[in-house]
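With my numbering, the residue at position 26 of the sequence shown is 660, and numbering never jumps.
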Amino acid sequence: FFVGRRAHCSLVVPAANDFVSGVHCRLQFGPTLGEASVEDLSSNGTYINGRRLVIGRAQSIRVGDELSLGNPYRKVGSLRFKLAEGPCVPGRCQLCLLGLSAF
635 FFVGRRAHCS LVVPAANDFV SGVHCRLQFG PTLGEASVED LSSNGTYING
685 RRLVIGRAQS IRVGDELSLG NPYRKVGSLR FKLAEGPCVP GRCQLCLLGL
735 SAF
């Protein structure tokens, strides 16, 4: 499950969010509900709970963790997501956008 500005991503981020890379990160959901990992593929960083991930290294993410595309402490903002409990719905991931009505 890829997240980024490119049209082939599973979750396409609007181009106005230029701090998000074309293919920013990859999410992989495990067989158990609430089990997932994220891999940073970007130049601007992917963060879990405010800590930057190492590029190319998958990191576990749990229900309640906050995922940020771009630095969450930037004044111009970042996109923030939160892993939520719930069944996987085709065409929609288990992440819910915080503060954005688009999802």
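Glycine residues also receive a C-beta, built at the ideal position from the N, C-alpha and C atoms.
Here the alpha carbon of N651 sits roughly 9 Å from the alpha carbon of G711.
Closest by C-alpha distance to R691, out of G698, E700, Y681, A641, is Y681.
In the DSSP annotation of this structure, the continuous segment of the beta strand (DSSP E) that includes I682 starts and ends at 680–682. Here P706 is buried, its C-beta having at least 16 other C-beta atoms within 10 Å. Nearest in C-alpha terms to N683, of all of S694, S676, V647, is S694. With at least 16 other beta carbons inside 10 angstroms of its own, H658 counts as buried.
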